[in-house]
Amino acid sequence: MLDRHKKVERHSLAFVIMIIVVASIGGLFEIAPLFTIDKTVEDVEGVRPYTPLELAGRNIYIREGCYACHSQMIRTLRDEVERYGPYSLAAESQYDHPMLWGSKRTGPDLARVGGKYSDAWHVAHFIRPRDVVPQSNMPSYAFLLERRADLRDMDLHLAALKATGVPYSEAQIEAANLDALGQADPDSEAAEGVLERYGEDIAIRDFALDGRNVSEMDALVAYLQMLGTLVDWDTFQPGGKELE
Amino acid sequence: MLKDLTKNERILALCLAILVALLGLFLAAAGQDTLLGSHGWIILLFGLILTFAVVGTMTYQGPTPEQLADRHKEYYDTPTKAGIVLAMIWAIFGFFVGDWVAWQLAYPDLNLDQAWSSFGRLRPAHTMGVIFGFGGNALIATSFHVVQRTSRARLPDQLSPWVVLAGYNLFCILAVTGYLIGITQSKEYAEPEWYADILLTVVWVLYFILYLRTLARRAEPHIYVANWYYLAFILVVAMLHIVNNLAVPISLSHAKSYSLFAGVQDAMTQWWYGHNAVAFFLTAGFLGMMYYFLPVKAQRPIYSYRMSIVSFWGITFLYMWAGSHHLHYTALPDWVQTLGMSFSIMLLVPSWASAANALLTLNGAWHRVRDDAALRFMMVAAVFYGISTFEGSFMAIRPVNSLSHYTDWTVGHVHAGALGWVAFITFGAIYTLVPWLWKRQGMYSSRLVEVHFWLGLAGTVVYVMAMWNSGIIQGLMWRTYDEFGTLEYSFVESLEAMHAYYVARAIGGLFFLVGGIIGFYNIYKTISASGAETMADDQPIATAPAAE
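Listed in order, the protein sequences are those of chains H and Z.
Take 24 as the starting number for the first sequence in this note's numbering and just add one per residue.
Take 99 as the starting number for the second sequence in this note's numbering and just add one per residue.
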C-alpha cells in the first residue's frame, strides 16, 4: 500500500481526483437518497406554504439572526415533547427554504410558539423583553414597530420559491404584494383575497395592535403566531416514528 | 507590493480592478432600492481603490530581464506577508466581536439597542471574522509559503496570489457588513448571499489553479504531506460551498435568495456543509499548517509517514459521513442519524493518529517546546486537537447528544477546537514565519510571545470549563422531573442559572482577545524594527525547475 501511495503522491492530478472521489462518497450515500426515498417526508394534512405576510415575517426572523438562539425543531424526547409540544414532523418544514431548525437554545424552542401567547404579549416582549420576562437576556426589537415592512416585491419572493418547488399558484404570486398588506388589515378588501387564496383558517388581524399598516412587527408576529399550528393533532396519525 | 508585478501583469491587474469597480457600479445601480445597493457601493469602492493603486505603479517600468531571471532564484513571499497581517487584523476584529456578544449574553443591555449590534447580527460577524477572516487568511498565507518551500519552486506568477487574497478579503468584507445591515441566508457559516458566494467560487477556483501550477513546477518528486491537506482543504471546501449555496435569487437587483433545498434535505445539506467546514477548513487546512511548521520548528522529521497516510485518507473519507450527528432525534430519518453517529466514532482513529503523529514528532525536541513559545503553541494545539476530536466523537453518540445538543456544551466544544487547536496552531505558525519572512533574528519580544501563550491558554481553559458547566447544567435542568412527574424547571430558570458561567466565559474570551492584541503589537514591532538583518533562507530553491 505504501509503495502504491508513493506513486500517487508524485502526481498532483491523480491525487486531486482521489481526494474528490473519496470525499464525495459520504454525501452521495447520505444526501442523495433523501431526495428519492418518498418516506423521508410523509404528507401531512394541513401543511401549507406561507402567506406573503408570514413569509416577510420569516425573512425578518432570518435577517435578525433569531435562529442563533432559538431552535425550531422539537426532538423525539419526552421532556421536549412535554415542554414544547408534539415533536416536529419533517412535513412541517417541507416548504422551508432554508430550514430554521437551529442548533442552540439560548432561548426556548419556537417550533410551536404559535398561539401560545397573545399578539399583545409578543409586541410587548419585542419592545422590551425584560418587561415581560424579567430574567430574559434577549435584545430589544422595538425598532420593528417603527419600520414599514418592505412588501413591494413579495411576488418576486413567491416566484423564486415556486422555482424551488413550493406550490404557489399563479394567482397567489400575482396578488402577493396586495395579500401581504391585506392580512394585517382586516377591514380591507384585500383581506378577502387572502382568505380566498390561502384558505379560511388564515389569521387576519392587526398583529402589531397599533392601528397602522404594515410594520415589520406585524409581519414577524404573523409568522410566529402560525408556527407549529398547521397540523391538527386530534386527527393526526403518526406514520411510523415513535417516541423514544 | 504592486511593483513586483511585471508590466503585463499590471495591465491585467488594472483590467481586473476596473471590472470589479464596474460590477460594483452595476450592483449599486440595480439595487438602488434594496440592500444590495449598499454592497454594490462597497464593491465599487474596493474596485476603485485597487484601480488607483495599480494606476499609481503604471509608470514604473517593471523588472529588467536580468532582475526577472534573478527572481526565479527566490520565493515570492510578499503575498504571504500580506496574508499574515490581514489574518491578524481579522483576528482582533473577530475576537473583539466574539467577546462583545459574550458579554451581551450576560448583560443584555450592552447591545446598545441598535439593530446592527444585537446578538443575532453580531454572532455571524464573529464566526465569519474568526473562521474565514482570521483562519482563512492564515491558511492562504501559509499555504503560499509551504507549497513553495516543499516544492522548492517559486509561485508561477505575481498576480494570481494577489487576486486570491484581494478577492477573498472582499468576500469576507461583504459577508460581515452584510450581516450588520441585514443580509444573510441564515445557513450557519454559509450566511453570505448569492453574489458573494459567486465571488468566492471564482476566487477559490483561481486559488486551486495557482496551487496546482506551483506544484507542477516542483523540484521535489514527491508532494509533501502538508500539501495533501492544503489540497483537500481547497478542493472539498469548493465542493461544500457550491452545493450548500445553491439558491434562487429573487432578482438580480435584490440581495435575497431562497435556498434550493427545503426542510429535511436542506438540514442535511447544511450540516454536511457545516460539519465538513469544520473538517476541511478548520481541520485539514490547519493540519497542513501543522505538518509543515511543527517539524520544521522542532527540527525533527514527522514521526510516521504511514500514520500520515492513514490519517489523511481516514479524515478525507470518514468526515463526510459525520454531518448528520448535528441532527440526532430530529425529523431526519433514523438511518442517516445512525450512519452519522457510527462514522463520527470511527473518525476518532485518524484524528488521534494525527494528534499522536504530531506529539511523537516532538520526542527528542521537548527542550525546544519548553524554551520556545512558538513551538509550545503548536504542541498545545495538537493536544487540544486530540481533546476536541475525542469530545466530538463522544458528543456524536445519540444519548450523549440528547443532553448536549442545543446547549452551551456544543459552544464549549467548538471553542476548544477553535481556540485551543485552530488559533494556537496559527499563532505558532505565525510566530515562526514572521521572523523568517521579514528576515529578523527573532520576534521583537519573546517575553510577549510567552505572555500571549499563557493568556491564550488561560482564556481557552476558562472558556471551555465555563461552557462545559453551563451546557451540562442546562441540559440536565431541561430534563429534570419532580416527584409528581412533571418538569421541574421552566426554561427561564435554566437561563438564570447560566449567568455566572456567561460572565466567566466572557472573561476567558477577554484573556484571549488581550493575548491576540499583544500578539498583534509584537508582530507589528518585529516588522517595523529597523536594521533588517539578512538571514539565510530556510529551504534553498531549486535552480532550474526540474522535470518529474
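Think of the CB as a built atom: it goes at the ideal place given N, C-alpha and C, for glycine as much as any other residue.
In this text the structure is predicted, and so the values were computed from the model without any measurement.
Would you report the Cα separation of residue i and residue j, rounded to the nearest angstrom?
| i | j | result |
| --- | --- | --- |
| residue 643 of chain Z | residue 317 of chain Z | With a pLDDT of 46 at residue 643 of chain Z, under the threshold of 50, the predicted position of this residue should be treated as unreliable, though the coordinate-derived value follows. Computed Cα separation, rounded: 6 Å. |
| residue 423 of chain Z | residue 286 of chain Z | 15 Å |
| residue 183 of chain Z | residue 571 of chain Z | 40 Å |
| residue 381 of chain Z | residue 614 of chain Z | 21 Å |
| residue 128 of chain H | residue 102 of chain H | 15 Å |
| residue 360 of chain Z | residue 97 of chain H | 17 Å |
| residue 288 of chain Z | residue 302 of chain Z | 15 Å |
| residue 181 of chain Z | residue 203 of chain H | 48 Å |
| residue 135 of chain H | residue 219 of chain Z | 24 Å |
| residue 138 of chain Z | residue 271 of chain Z | 12 Å |
| residue 523 of chain Z | residue 244 of chain Z | 15 Å |
| residue 100 of chain Z | residue 59 of chain H | 52 Å |
| residue 83 of chain H | residue 558 of chain Z | 34 Å |
| residue 606 of chain Z | residue 487 of chain Z | 21 Å |
| residue 256 of chain H | residue 99 of chain H | 16 Å |
| residue 167 of chain H | residue 246 of chain Z | 53 Å |
| residue 188 of chain H | residue 64 of chain H | 14 Å |
| residue 62 of chain Z | residue 328 of chain Z | Lying before the first or after the last residue shown, residue 62 of chain Z is absent from chain Z, which here runs from 99 to 646. |
So is residue i buried or exposed if we call it buried at 16+ other beta carbons inside 10 Å?
| i | result |
| --- | --- |
| residue 393 of chain Z | buried |
| residue 578 of chain Z | exposed |
| residue 143 of chain H | exposed |
| residue 387 of chain Z | buried |
| residue 192 of chain H | exposed |
| residue 40 of chain H | exposed |
| residue 127 of chain Z | exposed |
| residue 320 of chain Z | exposed |
| residue 92 of chain H | buried |
| residue 265 of chain H | Residue confidence is low: residue 265 of chain H scores 43 on pLDDT, short of 50, so the model does not pin down where it sits. Its coordinate-derived value is still stated next. Exposed, since its Cβ has fewer than 16 Cβ neighbours within 10 Å. |
| residue 156 of chain Z | exposed |
| residue 212 of chain Z | exposed |
At the 8 Å Cβ level, is residue i part of the contact set with chain Z, yes or no?
| i | result |
| --- | --- |
| residue 129 of chain H | yes |
| residue 100 of chain H | yes |
| residue 241 of chain H | no |
| residue 160 of chain H | yes |
| residue 211 of chain H | no |
| residue 71 of chain H | no |
| residue 76 of chain H | no |
| residue 266 of chain H | With a pLDDT of 42 at residue 266 of chain H, under the threshold of 50, the modelled position of that residue is not reliable, and the figure given next carries that caveat. Taking Cβ atoms only, chain Z never reaches closer than 8 Å to residue 266 of chain H, which makes this a no. |
| residue 122 of chain H | yes |
| residue 259 of chain H | no |
| residue 59 of chain H | no |
| residue 221 of chain H | no |
| residue 252 of chain H | no |
Does the beta carbon of residue i come closer than 8 Å to any beta carbon on chain H?
| i | result |
| --- | --- |
| residue 655 of chain Z | Within the shown structure, residues of chain Z are numbered from 99 to 646, placing residue 655 of chain Z beyond reach of any answer. |
| residue 404 of chain Z | yes |
| residue 247 of chain Z | no |
| residue 640 of chain Z | no |
| residue 606 of chain Z | no |
| residue 120 of chain Z | no |
| residue 489 of chain Z | no |
| residue 645 of chain Z | With a pLDDT of only 41 at residue 645 of chain Z, under the threshold of 50, the placement of this residue in the model should not be trusted, and no figure is reported. |
| residue 513 of chain Z | no |
| residue 414 of chain Z | yes |
| residue 393 of chain Z | no |
| residue 429 of chain Z | yes |
| residue 363 of chain Z | yes |
At a cut-off of 7 Å, is residue i close to the ligand MG when judged by its beta-carbon and the heavy atoms of the ligand?
| i | result |
| --- | --- |
| residue 77 of chain H | Within the structure as shown, the ligand MG is missing, as the structure has no ligands at all. |
So residue i and residue j are supposed to be a Cβ contact under 8 Å. How far apart are they, rounded?
| i | j | result |
| --- | --- | --- |
| residue 437 of chain Z | residue 53 of chain H | 6 Å |
| residue 553 of chain Z | residue 478 of chain Z | The pair is not a contact, with the Cβ atoms about 13 Å apart (cut-off 8 Å). |
| residue 111 of chain Z | residue 257 of chain Z | 6 Å |
| residue 276 of chain Z | residue 291 of chain Z | 7 Å |
| residue 115 of chain H | residue 70 of chain H | 6 Å |
Touch check for the segment 590-598 of chain Z and the segment 561-581 of chain Z: three-plus C-beta pairs under 8 Å? Yes, the segment 590-598 of chain Z touches the segment 561-581 of chain Z.
So does the segment 546-564 of chain Z actually touch the segment 508-520 of chain Z, counting three or more Cβ pairs closer than 8 Å? At 8 Å Cβ cutoff, the stretches touch.
Three Cβ pairs or more, each shorter than 8 Å: is that satisfied between the segment 423-434 of chain Z and the segment 457-464 of chain Z? They do not touch, by the three-pair rule.
Contact between the segment 140-152 of chain Z and the segment 213-227 of chain Z (3+ Cβ pairs under 8 Å): The segment 140-152 of chain Z is not in contact with the segment 213-227 of chain Z.
Across the segment 226-246 of chain Z and the segment 257-271 of chain Z, are there enough close Cβ pairs to call them in contact, namely three or more that are closer than 8 Å? Because the criterion of three Cβ pairs below 8 Å is met, the segment 226-246 of chain Z and the segment 257-271 of chain Z touch.
Would you call the segment 345-352 of chain Z in contact with the segment 181-201 of chain H, where contact means no fewer than 3 C-beta pairs closer than 8 Å? With contact defined as three or more Cβ pairs closer than 8 Å, the segment 345-352 of chain Z and the segment 181-201 of chain H are in contact.
Give a yes or no on contact between the segment 491-505 of chain Z and the segment 408-417 of chain Z, applying the rule of three or more CB pairs nearer than 8 Å. Counting C-beta pairs closer than 8 Å gives fewer than three between the segment 491-505 of chain Z and the segment 408-417 of chain Z, which falls short of the contact rule.
Counting Cβ pairs closer than 8 Å, one from the segment 207-216 of chain H and one from the segment 143-157 of chain H, do we hit at least three? No, because fewer than three Cβ pairs between the segment 207-216 of chain H and the segment 143-157 of chain H fall closer than 8 Å, the two stretches do not touch.
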